[in-house]
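What follows is a short report on a single structure.
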Amino acid sequence: MAEPQLSVRSAKARDLAHRLARRENRSIADIVERALESYEIREAGREPATAFYTRLVSGCGADVDLEDVIRKGRQVHKGPDL
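Numbering (my numbering), first residue to last: 336 to 417.
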């Protein structure tokens, strides 16, 4: 029975996988598997961005004007004492 194959349509991803496989002296499949496992471990337990922003908006209920906040917090510096 033939091995399952993963099709990647990104030329950049393909080139990177080939380059890493040559440098690490590993198969492309091994490189892709290790990268995906690393990604899964790193991202596990994190809230998706859409859910985070939805929760943030419902909790705050108002947009914040960052320019206004920065402007109000600015203070004039007198300069160095000579």
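Glycine included, C-beta positions come from ideal geometry on N, C-alpha and C.
Computed from a predicted model, the values in this text were never measured in an experiment.
Euclidean distance between Cα positions of Ile363 and Leu391: One-based indexing of the sequence shown puts residue 363 at position 28. One-based indexing of the sequence shown puts residue 391 at position 56. Rounded to whole angstroms, Ile363 to Leu391 spans 40 Å at the Cα level.
Where the alpha helix (DSSP H) containing Arg357 begins and where it ends: Here the question's residue 357 lines up with position 22 in the sequence shown. That run of the alpha helix (DSSP H) goes 346 to 359.
Span of the alpha helix (DSSP H), counted from its first residue to its last, around Glu402: In the sequence shown, counting from the first residue as 1, residue 402 sits at position 67. Glu402 -> alpha helix (DSSP H) spans 401 to 408.
Candidates Glu368, Arg358, Arg357, Lys347, of which the one nearest Pro339 by Cα: As a working mapping, residue 339 is identified with position 4 in the sequence shown. Ranking Glu368, Arg358, Arg357, Lys347 by Cα distance to Pro339 puts Glu368 first.
Arg390 - DSSP class collapsed to helix/strand/coil: By 1-based counting over the sequence shown, the position of residue 390 is 55. Helix at Arg390.
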